[in-house]
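Reviewing the structure listed below.
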Amino acid sequence: MTVALVDCNNFYASCERVFNPKLWGKPVVVLSNNDGCVVARSNEAKALGIKMGTPFFQVRDLAAKQQVQIFSSNYTLYGDMSRRVMDILSSFVPDTEIYSIDEAFLSLKRFKNIDPHHIRATVKQWTGIPVSIGLAPTKTLAKVANSIAKKSSSGVYCLPEEGKELEALLSKIEVEDIWGIGPQRALFLRSHGIQTAQELRLCNDHWARKHLSIMGLRTVLELRGIPCIPIELAPATKKSITSSLSFGQKVTAYKELEESVSFHVARAAEKARRYELAVEALVVFIQTSRFRQDKPYYGNSQTAILPYPTAYTPDLLRAALKALEGIYREGCEYAKAGVIFTGLVSAKCLQTNIYESDETFHGDQALIKAIDQINRKKGRNTLFFGSSGIDRAWKMRQERRSPRYTTQWSEILTVHI
DNA sequence: TCTGGGGTCCTAGGACCC
DNA sequence: TCTGGGGTCCTAGGACCC
Numbered sequence: 514m515t516v517a518l519v520d521c522n523n524f525y526a527s528c529e530r531v532f533n534p535k536l537w538g539k540p541v542v543v544l545s546n547n548d549g550c551v552v553a554r555s556n557e558a559k560a561l562g563i564k565m566g567t568p569f570f571q572v573r574d575l576a577a578k579q580q581v582q583i584f585s586s587n588y589t590l591y592g593d594m595s596r597r598v599m600d601i602l603s604s605f606v607p608d609t610e611i612y613s614i615d616e617a618f619l620s621l622k623r624f625k626n627i628d629p630h631h632i633r634a635t636v637k638q639w640t641g642i643p644v645s646i647g648l649a650p651t652k653t654l655a656k657v658a659n660s661i662a663k664k665s666s667s668g669v670y671c672l673p674e675e676g677k678e679l680e681a682l683l684s685k686i687e688v689e690d691i692w693g694i695g696p697q698r699a700l701f702l703r704s705h706g707i708q709t710a711q712e713l714r715l716c717n718d719h720w721a722r723k724h725l726s727i728m729g730l731r732t733v734l735e736l737r738g739i740p741c742i743p744i745e746l747a748p749a750t751k752k753s754i755t756s757s758l759s760f761g762q763k764v765t766a767y768k769e770l771e772e773s774v775s776f777h778v779a780r781a782a783e784k785a786r787r788y789e790l791a792v793e794a795l796v797v798f799i800q801t802s803r804f805r806q807d808k809p810y811y812g813n814s815q816t817a818i819l820p821y822p823t824a825y826t827p828d829l830l831r832a833a834l835k836a837l838e839g840i841y842r843e844g845c846e847y848a849k850a851g852v853i854f855t856g857l858v859s860a861k862c863l864q865t866n867i868y869e870s871d872e873t874f875h876g877d878q879a880l881i882k883a884i885d886q887i888n889r890k891k892g893r894n895t896l897f898f899g900s901s902g903i904d905r906a907w908k909m910r911q912e913r914r915s916p917r918y919t920t921q922w923s924e925i926l927t928v929h930i
């Protein structure tokens, strides 16, 4: 077996439990930003029939009746816990691809003798987070193995190599549960008589290439045990940076829209600087609610090309606010706004212009560095741009967030004896 | 009343080039 | 009657992932 997929069980819910042991054995649910949808559930909450992605208001009554413990997303905490888990994994197997906040692929080519049970026990002991580990010859099959591991008592499962046993297992995997097969493809496959992973595995290559695109063909081959999706050991270079949020309450005033766009520009620019990237173009977008039946939907976006690649917030703000002017429509109740930075290039080797001074291109570097440093040290938004507003009536709802136990001294866990 | 955020890749079609 | 061939780049939209 050359691939191991390590996946944290009910990750956000588990993070909450680590610092609040009373939650063990109880149904726990974590909500998306703006307390909108259910994005994580403990096994007890799953057993109550609360589905992933359900709008919270639809299960509010059920949750209250069943005493479900509800949390707003605490990404500061989850991000930090994720880093701890990943650090442990790469101390066992350095050839690791961090695939998402709660998942990592380990390449076992150079580490054939690694004991997955030991990894699992160490992560649990050092962080409190339970993980499941699936082993297989390809990433797609490792995903299958992991789903079986999740249901097993040991939390580890190694997929059989070939033959009847493997075929029987794959016959029990529905097509929509295969990594890379979403709702559209699943519908299509079922309409052509392909219901399970085993059936997809046996389909014709040309047919798969034609109807499922090159990605679909890769999935088919991976199910056969032929690796087509490599484990990426080096983090890929970023191609875009997005910052956007739904408003806590509907926004109609231009000034508030302007504030939120400014807020997102500043946030995305900070991220760009952290990655040492400069921005060639940005997109500003605003939209009303897609769910309102009584009012027409309005959503629009405008792209602004910067005169030169930059990560200097004031230059990006100017361009973004000008773009916003072009798409604002009076009388709409906006639900969401955001920015996307694209055309990202390394800030370390920028093409400059001999007719302009350095400051024109890079802005006041000392100032922006100082702002970033202070915010890193003293907490986000200690210093901010005035155009982001002070009251921020539009800010997102976050009514049940737990403390940021591991990253803020003032919110550290206290123990009473 | 209340419905997340941040990404990637592929494909088709149009514009444009020689 | 009959109207080239080969290529690149860009964009919008679709599909997928967690």
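Numbering of the first sequence is given in my numbering, commencing with residue 514 and proceeding in unit increments. Each residue gets a CB set at the ideal place from its N, CA and C atoms; glycine is no exception. Fair warning: this is a prediction, and the values are worked out from it, not measured in the lab.
Return the Cβ separation of Glu793 and Gly876 in integer angstroms, given the expectation that the two are a contact with Cβ distance under 8 Å.
-> At roughly 16 Å, the Cβ-Cβ gap does not stay under 8 Å, so Glu793 and Gly876 are not in contact.
Quick one: which unbroken beta strand (DSSP E) runs of 3-plus residues sit fully inside the stretch 552-605? Chain order, please.
-> 582-584
For my contact list, Pro540 and Val581 are in at a C-beta cut-off of 8 Å; report their separation, rounded to the angstrom.
-> 4 Å
Can you tell me where the alpha helix (DSSP H) with Ile632 in it begins and where it stops?
-> 629-640
Does the count of Cβ pairs from the stretch 521-535 and the stretch 640-655 closer than 8 Å reach three?
-> yes
Buried versus exposed, by CB contacts within 10 Å (16 or more), Glu783 | buried
Buried or exposed: which applies to Thr732, given that a residue is buried once 16 or more other Cβ atoms fall within 10 Å of its Cβ?
-> buried
Cβ pair count under 8 Å reaching 3, the stretch 772-783 against the stretch 891-904 | yes
Taking the alpha-carbon positions, what's the Arg914 to Ile583 distance?
-> 9 Å
Unbroken beta strand (DSSP E) run spanning Thr653, endpoints | Unbroken run through Thr653 is the alpha helix (DSSP H), 652-664; no beta strand (DSSP E).
Cys528 (DSSP reduced to helix, strand or coil) | helix
Opposing strand residues paired with Gln815 [DSSP bridges] = Val797
State buried or exposed for Gly538, treating a residue as buried only when at least 16 other CB atoms are found within 10 Å of its CB.
-> exposed
How would you write the range of the beta strand (DSSP E) that Phe618 sits in, first residue to last?
-> 616-620
Can you tell me whether DSSP reads Gln911 as helix, strand or coil?
-> coil
Mind checking which residues open and close the alpha helix (DSSP H) that includes Leu857?
-> Where Leu857 is concerned, there is no enclosing alpha helix (DSSP H), although the beta strand (DSSP E) it sits in stretches over 847-859.
Please report how far the alpha carbon of Pro822 lies from the alpha carbon of His929, in whole angstroms.
-> 53 Å
Ile614 and Arg633 look like a contact to me (Cβ under 8 Å); what is the Cβ gap, rounded to whole Å?
-> Rounded, the Cβ-Cβ distance is 18 Å, inconsistent with contact.
Have a look at Asp628 and Ala658 and give me their C-alpha separation to the nearest angstrom.
-> 16 Å
What residue does the alpha helix (DSSP H) around Thr609 start on, and which one ends it?
-> Counting along the chain, Thr609 falls outside any alpha helix (DSSP H), though it belongs to the beta strand (DSSP E) covering 609-613.
Which runs of the alpha helix (DSSP H) fall wholly inside the stretch 701-767 and span at least 4 residues, in chain order?
-> 710-714, 718-736
Collapsed DSSP secondary structure at Thr927 in the structure displayed = coil
With DSSP collapsed to three states, give me the class of Asp935.
-> Because the chain spans 514 through 930 in this model, residue 935 falls outside it and cannot be assessed.
Count the other CB atoms within 10 Å of the CB of Phe524; is the residue buried (16 or more) or exposed (fewer)?
-> buried
Pick from Ile925, Thr927, Gln921, Pro916: whose alpha carbon is nearest that of Ser940?
-> Because the chain in this structure spans residues 514 to 930, residue 940 falls outside the shown range and cannot be described.
Where do the ends of the beta strand (DSSP E) carrying Ala649 lie?
-> 644-649
Starting from the C-beta of Ala848, find all residues in its chain whose C-beta is less than 7 Å away, skip the five residues before and the five after it, and write them out in chain order.
-> Ser759, Phe760, Lys763, Gln800, Thr801, Ser802
Go through its chain and collect everything with a Cβ distance to Lys861's Cβ below 8 Å, but skip five positions before and after it.
-> Glu789
Could you give the distance in angstroms between the alpha-carbon of Glu616 and the alpha-carbon of Ile691?
-> 16 Å
Are Thr515 and Leu621 touching if we call contact CB-CB under 8 Å?
-> yes
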